[in-house]
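Numbering (this note's numbering), first residue to last: 6 to 337. We put the beta carbon where it would ideally sit given N, CA and C, even for glycine. Model, not experiment: these values are computed from the prediction.
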Ligand SMILES: NC(=O)c1ccc[n+]([C@@H]2O[C@H](COP(=O)([O-])OP(=O)(O)OC[C@H]3O[C@@H](n4cnc5c(N)ncnc54)[C@H](OP(=O)(O)O)[C@@H]3O)[C@@H](O)[C@H]2O)c1
């Protein structure tokens, strides 16, 4: 019987996520029931949200200790007990952090075998869709407007910022460190970048956005959110995509200042969203993203780490800002 190597959540983190929070295990490769498929993970997606799921209920149930760590993967069908999938087909599935999983075939779609395959997890996966649909459906940026994106050198942020540029906006990215900021302006073509780790983020944003921010795409929350809030233009829109600054630490002693006062006086629209809310626009979004990538107008940055055993350190590193673009782990 083949062995299924797994990574478990051994203990919920009390402070910052650490290697001790994970354990490695071996199990039997499962047998799929009727309606299920047995899949083998090829690339496991690393997402900031992996850490948020350890905190409690989000848009999915909370993780429990001893469970296989949750996560999505680009996976290959090994055995199928549904009619629409065959062995060898590629799917995006919630496999968890393990080599093999038996999953329901009901909502799985056969994916095209494109080159490189990793794009199916980055620009053509949840990452690209979140950036595209969140920015355009929630933020509704207009040509000439000023758009600010936080965690702009990350997976979602790097695509959202480029989409805003392609829509004719003036775009400012916020990221940690001079190197990432130089990459945002030099390589991705953003108009300006602000290094939040240099401090004075509010002042730096004021200098970069003299007419105020029309759309703020927020991936991080916390102090960066506050700095953007104080720089919003009247009738601006804040797209609440995520709050990575709050995922891996004790909750901050107070919320951002300016809530709700500035929301009122500046007549702001503050909207949270989960990407699945907009899946009616998925096919059109994917077609547009593909056209931009193929025309060389949208750069896809990926950060691929090798080996299932490196999943815990890869997630810890992502939360510390090690990654540029979409981080994933190659499993097979
Ligand atoms: N709403 C949805 O449907 C949806 C779907 C997918 C993802 N998301 C959200 O999108 C956001 C980005 O996720 P991702 O998976 O693409 O991760 P990512 O941006 O590739 O990686 C996370 C980045 O966050 C930055 N960061 C970490 N701690 C920070 C802090 N305290 N303050 C400011 N920045 C910090 C780091 O970059 P620096 O070096 O710049 O610090 C790090 O590289 C997350 O908030 C996630 O929850 C939402």
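Rounded to whole angstroms, what's the CA-CA distance from residue 181 to residue 210? Just pull it up for me.
Reading the chain shown from its first residue, position 176 is the one you call residue 181. Reading the chain shown from its first residue, position 205 is the one you call residue 210. Residue 181 and residue 210: Cα-Cα distance of roughly 14 Å.
State the Cα-Cα distance for the pair residue 300 and residue 27, rounded to the nearest angstrom.
In the chain shown, the residue the question calls residue 300 occupies position 295. In the chain shown, the residue the question calls residue 27 occupies position 22. Rounded to the nearest angstrom, the two C-alpha atoms are 42 Å apart.
What is the DSSP secondary structure of residue 174, reduced to helix, strand or coil?
As a position in the chain shown, residue 174 is number 169, starting the count at 1. Residue 174: coil per DSSP, three-state reduction.
State the DSSP-derived secondary structure class of residue 311, mapped to helix, strand or coil.
Against the chain shown, residue 311 aligns to sequence position 306. In this structure, residue 311 counts as strand in the three-state DSSP scheme.
Taking DSSP as the reference, what is the three-state secondary structure of residue 100?
Reading the chain shown from its first residue, position 95 is the one you call residue 100. Coil, per DSSP.
Are any of the Cβ atoms in chain B nearer than 7 Å to that of residue 45?
Although the question refers to chain B, the structure presented lacks it and comprises just one protein chain.
Should the segment 282-290 be called in touch with the segment 129-143, which here means at least 3 C-beta pairs below 8 Å?
The way I'd put it, the segment 282-290 does touch the segment 129-143; three or more beta-carbon pairs between them come closer than 8 Å.
Should residue 181 be counted as a contact of ligand 1 given a C-beta to heavy atom distance under 6 Å?
Here residue 181 refers to the residue found at position 176 of the chain shown. Answer for residue 181: yes, Cβ within range of ligand 1.
Would you mind listing the beta strand (DSSP E) stretches within the segment 232-272 that are 3+ residues and don't spill past its ends, in chain order?
237-245
According to the neighbour-count rule (16 or more other Cβ atoms, all chains shown, within 10 Å of its Cβ), is residue 63 buried or exposed?
Looking up residue 63 in the chain shown gives position 58. Answer is exposed; the Cβ neighbour count stays below 16.
Assign residue 332 to one of three DSSP states: helix, strand, or coil.
Locating residue 332 in the chain shown gives position 327, counting from the first residue. In this structure, residue 332 counts as strand in the three-state DSSP scheme.
Taking residue 97 as the reference, which of 251, 120, 131 has the closest Cα?
Position 92 of the chain shown, counted from the first residue, corresponds to residue 97. When each option's Cα is compared against that of residue 97, the closest is 131.
Less than 6 Å separating the Cβ of residue 109 from some heavy atom of ligand 1?
To locate residue 109, count along the chain shown from 1; it is residue 104. False, no ligand heavy atom lies under 6 Å from that Cβ.
Shortest alpha-carbon distance to residue 79 belongs to which of 229, 128, 171, 39?
Counting from 1 along the chain shown, the entry for residue 79 is found at position 74. It is 128 whose Cα lies nearest to the Cα of residue 79.
Throw me the rounded Cβ distance for the residue 68 and residue 58 pair, which I believe falls under 8 Å.
The residue you call residue 68 lines up with position 63 of the chain shown. The residue you call residue 58 lines up with position 53 of the chain shown. That pair is a contact at about 5 Å.
Which value, in whole angstroms, describes the spacing of the CA atoms of residue 174 and residue 268?
The residue given as residue 174 occupies position 169 in the chain shown. The residue given as residue 268 occupies position 263 in the chain shown. Computed Cα separation, rounded: 23 Å.
Find the nearest neighbour of residue 216 within the set 253, 150, 187, judged by alpha-carbon distance.
Taking the first residue of the chain shown as 1, we reach residue 216 at position 211. Ranking 253, 150, 187 by Cα distance to residue 216 puts 150 first.
According to DSSP, simplified to helix, strand and coil, what is residue 124?
Walking along the chain shown from the start, residue 124 turns up at place 119. Three-state DSSP puts residue 124 in a helix.
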